[in-house]
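Okay, so the sequence shown: first residue is 0 according to numbering that gives the first Met the number 0, each after it adds one.
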Amino acid sequence: MGSKKNHVNVSKVGIIGAGISGIAAAKQLAHYRPVVFEATDSIGGVWKHCSFSSTKLQTPRCDYEFSDYPWPDRDNSTFPSHFEILDYLHGYATHFDVLKYVKFNSKVVEVGYLGEPAETLPLPPRDYGNLLRGHSVWEVAVQTHQPDTTVQWYAFEFLVVCIGKYGDIPKLPIFPPNRGQEIFGGKVLHSIDYSKLDTEAARQLVKGKKRRAISKFIETYLVWKLPLVKYGLKPDHPFEEDYASCQMAILPENFFVEAEKGRILFKRASQWWFWSRGIEFEDSTRLEADVVLLATGYDGSKKLKALLPEPFCSLIQDSNSGIMPLYRGTIHPLIPNIAFVGYIESVSNLHSAELRCKWLARLADGHFKLPTIHKMLQQTTKEIEVMKRTTRFYKRHCISTFSINHSDEICEEMGWKSWRKKNWLLEAFSPYNSQDYQEDK
């Protein structure tokens, strides 16, 4: 399609985002000297910009580490805080000299397609093609934090999108007419706004008035013994359905201790809306509040749709499932020369991101070829259908129940052995972790 933009840089690989996935991609693709765009002044993604003072990892540190960079204290059984995770990520990036590729305070505001019109919507059964085609396929408009908000254009053969599903765009409830937050006399915040407040501001926000406030919401920490029946919170579905859909509820430490003291109140309701002094529930009961905090998640698909041009933005979500169909959780069969890393969920998102970045690097190097577009679409459709049979709550790309099988298939496609342990006894009785996925020698 071509472009009349003046590109300040023409490179093989561009990466958008310097969170966990972006740094992993930069390390694995370092031999292409990628250009990494980070909108803020630091790496870390949600661990840096969407965390609270009490935010901790939900798994032991040995289950959340890069295969070639173990935690210095990996045998420590405590769950690391987000400060420790940021230190670990900085150590990784420094050790492998990745930071030199990152352009900080550089926000991607537009992505344009430079490929041929015939490639815009490739039809099965044609091949996807090489990731590196010898000519630019995507152009990226980057706004720097200069006084004049300069916009510069870059061009790439291959683009890796690592902007994540969390942060930036909140997912907000839809209310009946005249029952939204506009009629509420108090303050409404989304958790993304709360995370940006300093400690004193947050304290004053919650405690500033005498009325009852909604002041507690789920952060990240693991507590196993939960008095769910006592508080009317027992689910009406089995545990494995939550696990299969990556929707397990993780509560902060001492959550129910505070509930016993009456500082946290529970109300089970499928619908609610605002009134002038608080919240009204479907059973007509009301709760007065000064502050309503919406811990309702983020809209990751809207982030991607706002970034990609037509017709690609309309392909982000499958029309039937609402899930982005990604082959190996990375490549959209109908969007050429672009990869999405960090959009599948598993027991360890770091491991999932790193292994897929290794897969991408070997694919770019020409060690193997992708199946035809038709076969990749069949594979993604099959995965979604299988998972939808596993749980009624499957609404996003979650591979928690078959993450090892997913990793096996990726290893085999890369030409690695799928059996990663040293012997069959370990294969049978020892759990897998990131250390099992070091490069095959």
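We put the beta carbon where it would ideally sit given N, CA and C, even for glycine.
Presumed contact (8 Å Cβ cut-off) between residue i and residue j, rounded CB distance
| i | j | result |
| --- | --- | --- |
| Tyr68 | His94 | 6 Å |
| Phe36 | Val160 | With 8 Å as the limit, Phe36 and Val160 do not qualify as a contact, their Cβ atoms being about 10 Å apart. |
| Val12 | Tyr153 | The pair is not a contact, with the Cβ atoms about 11 Å apart (cut-off 8 Å). |
| Gln180 | Phe273 | 6 Å |
| Arg125 | Ile372 | 6 Å |
| Leu369 | Leu362 | 7 Å |
| Val97 | Lys186 | At roughly 40 Å, the Cβ-Cβ gap does not stay under 8 Å, so Val97 and Lys186 are not in contact. |
| Ile445 | Trp271 | Past the edges of the chain, shown from 0 to 440, lies residue 445, and the structure says nothing about it. |
| Leu167 | Lys302 | Reading the sequence as shown, one finds Asp at residue 167 and not Leu. Their Cβ separation, rounded to whole angstroms, is 6 Å, which keeps Asp167 and Lys302 in contact under 8 Å. |
| Phe155 | Ser10 | 6 Å |
| Gly114 | Pro335 | 6 Å |
| Pro169 | Asp86 | Actually they are not in contact, since the Cβ atoms of Pro169 and Asp86 sit about 28 Å apart, beyond 8 Å. |
Residue i, DSSP secondary structure in three states
| i | result |
| --- | --- |
| Arg202 | The predicted model places Arg202 with a pLDDT of 45, which falls under 50 and marks its position as unreliable, so this point remains unresolved. |
| Asp439 | coil |
| Ala212 | Unreliable placement is indicated for Ala212, whose pLDDT of 33 sits below 50; the coordinate value is still reported in the next sentence. Residue state, collapsed to three classes: coil. |
| Arg60 | helix |
| Lys164 | coil |
| Leu293 | strand |
| Tyr431 | coil |
| Gly452 | Only positions 0 to 440 of the chain appear in the structure, and residue 452 is not among them; the question remains open. |
| Lys99 | helix |
| Asp459 | Here the chain has residues from 0 to 440 only, and residue 459 is not among them. |
| Tyr87 | helix |
| Glu218 | Confidence at Glu218 is low in this model, with a pLDDT of 30, below 50, so its placement is unreliable and no value can be given for it. |
| Gly21 | helix |
| Leu188 | strand |
| Asp364 | coil |
| Asp126 | strand |
| Ile383 | helix |
| Val35 | strand |
| Ile330 | strand |
| Trp46 | helix |
| Trp418 | coil |
Alpha-carbon spacing of residue i relative to residue j, whole angstroms
| i | j | result |
| --- | --- | --- |
| Ser53 | Asn253 | 12 Å |
| Ile315 | Lys55 | 31 Å |
| Ser347 | Thr39 | 25 Å |
| Ile84 | Pro176 | 43 Å |
| Leu463 | Glu384 | It is not possible to answer for residue 463, since the shown part of the chain is limited to 0 through 440. |
| Val110 | Ser300 | 16 Å |
| Asp192 | Ala294 | 10 Å |
| Phe78 | Trp46 | 14 Å |
| Gln57 | Gly163 | 18 Å |
| Leu88 | Ser80 | 13 Å |
| Asn422 | Phe255 | 44 Å |
| Tyr431 | Arg285 | 49 Å |
| Lys208 | Ser41 | Per-residue confidence for Lys208 stands at a pLDDT of 37, beneath the threshold of 50, marking its modelled position as unreliable; the derived number appears in the next sentence. Between Lys208 and Ser41, the C-alpha separation is close to 36 Å. |
| Trp358 | Ile409 | 7 Å |
| Val222 | Pro172 | Because the pLDDT at Val222 is just 33, under 50, the model does not fix this residue reliably, and the value given afterwards should be weighed accordingly. C-alpha separation (whole angstroms): 28 Å. |
| Leu130 | Arg267 | 49 Å |
| Glu281 | Gly18 | 40 Å |
| Ser417 | Lys387 | 26 Å |
| Trp415 | Ser66 | 15 Å |
| Ile182 | Phe174 | 11 Å |
| Phe157 | Ala427 | 39 Å |
| Lys374 | Gly296 | 33 Å |
| Phe311 | Leu349 | 27 Å |
| Ser433 | Ile322 | 27 Å |
| Leu325 | His189 | 29 Å |
| Ile343 | Gly328 | 6 Å |
| Val139 | Pro33 | 13 Å |
| His48 | Gly261 | 31 Å |
| Gln151 | Asn5 | 8 Å |
| Leu376 | Pro332 | 6 Å |
| Ile15 | Ile22 | 10 Å |
| Gly128 | Asp364 | 13 Å |
| Trp137 | Gly43 | 25 Å |
| Ile403 | Lys106 | 35 Å |
Identified DSSP bridge partners for residue i
| i | result |
| --- | --- |
| Asn8 | Tyr153 |
| Phe65 | Tyr68 |
| Gln142 | Lys106 and Val150 |
| Leu158 | Gly13 and Ile337 |
| Arg262 | Answer is none; Arg262 lacks a bridge partner. |
| Ser500 | Here the chain has residues from 0 to 440 only, and residue 500 is not among them. |
| Gly277 | Trp274 and Glu287 |
| Tyr342 | Looking at the DSSP assignment, Tyr342 forms no beta bridge with any residue, so it has no partner. |
| His169 | According to the sequence provided, residue 169 is Pro. The question's His does not apply to it. Tyr297, per the DSSP bridge assignment. |
| Thr93 | Thr93 is not bridged to any residue. |
Proximity test, residue i beta-carbon vs the ligand COA heavy atom, cut-off 7 Å
| i | result |
| --- | --- |
| Gly16 | With respect to small molecules bound, the structure shown includes none, and the ligand COA cannot be examined in it. |
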